[in-house]
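Heads up, the sequence shown is in the numbering used here, so the first residue is 91 and it goes up one at a time.
Every residue, glycine too, gets a C-beta built ideally from N, C-alpha and C.
Structure first, commentary second.
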Amino acid sequence: MFLKRFSIFLVVVFSATQSYSQATARDWLLQLNTITTAVPFLIINPETRGGGMGDVGVSTSPDGASQHWNPSKYAFIEDKAGVSISYTPWLRALVPDISISYLSGYYKINKMSAVAGSLRYFSLGSIQFTDQRGNNTVQFTPNEFALDLSYSRKLSRRLSAGLTGRYINSNLTGGQTVQQATTGPGRTGAVDLGVYYENEDLTVFGKDATLAWGVAVSNLGAKISYTNTTSRDYLPINLRLGPRMTWMLDDYNKISVAVDLNKYLVPSPPVYQIDSSGNLVIASGMDPNRPTVNGALSSFYDAPGIVSFDQTTLEAQVESGTRLGEELREISYGVGAEYWYDDQFAFRLGYYGEHISKGNRKFVTVGAGLRLSVFGLDFSYLVPAYFGSTNLQSSPLARTLRFTLTFNFDDVKKDNDGPPSE
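Listed below in structure tokens is the structure:
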């Protein structure tokens, strides 16, 4: 029903972006155990600052786009209010018209609390639908969006918490009938929970320093469905945590280093086998059709590991230690650095890594930022980085650019007030 381009997009989002022309059976077994969810656009970084730092952001200093990473950071933001607009052409190595747009804004209620909102829009470009015989039916632009509203508050001088409510709308088919099932937009709700800690009263290597850490669970909500059947899919529930350290080198120069660890809180795909009655049964792992909360909690111990089958009895055997190993492989990571000169010019560098069996996204990012009295402008660029690999296909993430424009209302007020009278 869908054109080849749309199929390629789903494969890229839901599976590995790299393949080897000569792979052993064990390699393919690992590659085929990628975790898949509905509405994966919710997990794509839509903003630029984190995009230049290896997709890190759970503990970076608060900014206008903190809604995506950790809403609790807004309680520590210094400005009264602000707005940011981001645009990312997505998967341009495959197709020319897929993009993510992101609008976010915040308002500091008082010194202890803040509110924020955001709108994320994902356009999959124009797609020609066909029937089962390949005849053209309608042309439609699949799209998805998420509308967020958050509240954050300081719990103490150095600790804050935040909560985000999210409405999700995913319209991938335009109401077309797919395999005799009537389809429609998928709609659901979700929440984000975040905690942020920041200590500015440190001295490290003889320099004033700030230590921060953050923890956030995002997209915790009910499953979503696109048809009138009972089949429903998990949201990309994600656990993100990590620290940041910032050093004030002098009055004009500072540098920050941050690390993010990510893990999906959704079931790992089990390994199946055919029993003596010809039924498909689970050989290792757990039934993926579990309630949302149960699936999130059990996602820490449900990996099937490496399974081999006795060629005579067909009995499944799990290799020792591979279940724990697979759980650890489900953790992806980002490492990023940011340098500021006089709080006006920024340069960023980062790396993101994911195991080959769980998606195989690996890339280096670079970025830069400029802050003027009222406006700020940021951009980032992504370069695939498969170190030490051979027989590689080009990555669909290659040459990904992100742009963000920020607007600071505090600075507008300061400019309008002008210099103090003598």
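8 Å or more divides the Cβ of Leu253 from the Cβ of Pro326.
If you ignore the 5 residues before and after Gly279, its C-beta comes within less than 8 Å of the C-beta of Gly255, Arg256, Tyr257, Ile258, Gly311, Ala312, all in its own chain and listed in chain order. Under the rule that a run must span 3 or more residues, the beta strand (DSSP E) segments found entirely inside the stretch 375-411 read 397-399, 406-408. Straight-line spacing of the CA atoms in Val173 and Asn233 works out to 24 Å. Cα atoms of Leu414 and Ala393: separation of roughly 8 Å, rounded to the nearest angstrom. The DSSP-derived three-state label of Ile199 is coil.
Here Arg492 carries a strand assignment [DSSP, helix/strand/coil]. When DSSP states are grouped into helix, strand and coil, Leu462 belongs to the coil group. Under the DSSP assignment, Ser358 falls outside any alpha helix (DSSP H); it carries neither an H nor an E label. The residues Ala165, Met202, Ser250, in chain order, have a CB closer than 6 Å to that of Lys244 in the same chain once the five nearest residues on each side in sequence are set aside.
Annotation: the stretch 265-349 contains the following complete segments of the beta strand (DSSP E) (minimum length 3 residues), in chain order: 276-294, 297-311, 328-338.
In the DSSP assignment, Thr220 forms a beta bridge with Asn226. Going by C-alpha positions, Ser240 is about 18 Å away from Asn135. Counting only the Cα atoms, Pro359 lies some 46 Å from Lys170. The count of Cβ pairs closer than 8 Å, one atom from the stretch 123-130 and one from the stretch 179-191, stays below three, leaving the stretches out of contact.
Between the C-alpha atoms of Gly207 and Ser463 there is a straight-line separation of about 23 Å. For Ser447, no beta strand (DSSP E) run applies, since DSSP gives it neither H nor E. Rounded to whole angstroms, the Cβ separation of Glu417 and Tyr391 is 7 Å, and the two are in contact under 8 Å. Under the DSSP assignment, Trp159 falls in the alpha helix (DSSP H) whose first and last residues are 156-159. Taking one beta carbon from each stretch, the stretch 419-438 and the stretch 348-363 have 3 or more pairs nearer than 8 Å; the two touch. In the structure shown, the three-state DSSP call for Arg419 is helix.
Residue environment: Phe295 is assigned as exposed (fewer than 16 neighbouring CB atoms within 10 Å of its CB, all protein chains considered). Pro152 sits in coil when the DSSP states are folded into three classes, being neither helix nor strand. Using a 10 angstroms sphere on the CB of Thr272, the tally of other CB atoms stays under 16, which defines it as exposed. Listed as beta-bridge partners of Thr254 by DSSP are Ser240, Asp282.
The stretch 134-151 makes contact with the stretch 425-433, as at least three CB pairs between them are under 8 Å.
Leaving aside the five residues that flank Ala155 on each side, the residues in its chain whose CB is nearer than 6 Å to its CB run, in chain order, Glu137, Ser174, Ser194. As computed with DSSP, Leu193 is found in a beta bridge with Ile175, Leu209. In the same chain as Thr412, and ignoring 5 residues on each side of it, the C-beta atoms closer than 6 Å to its own belong to Gly395, Ile396, in chain order. The C-beta separation of Leu329 from Leu370 comes to about 31 Å, leaving the pair out of contact by the 8 Å criterion. Between Gly274 and Tyr324 a beta carbon distance of about 19 Å is seen, past the 8 Å cut, so the two are scored as non-contacting. Checking the DSSP bridge columns, you'll see Ile364 partnered with Leu370.
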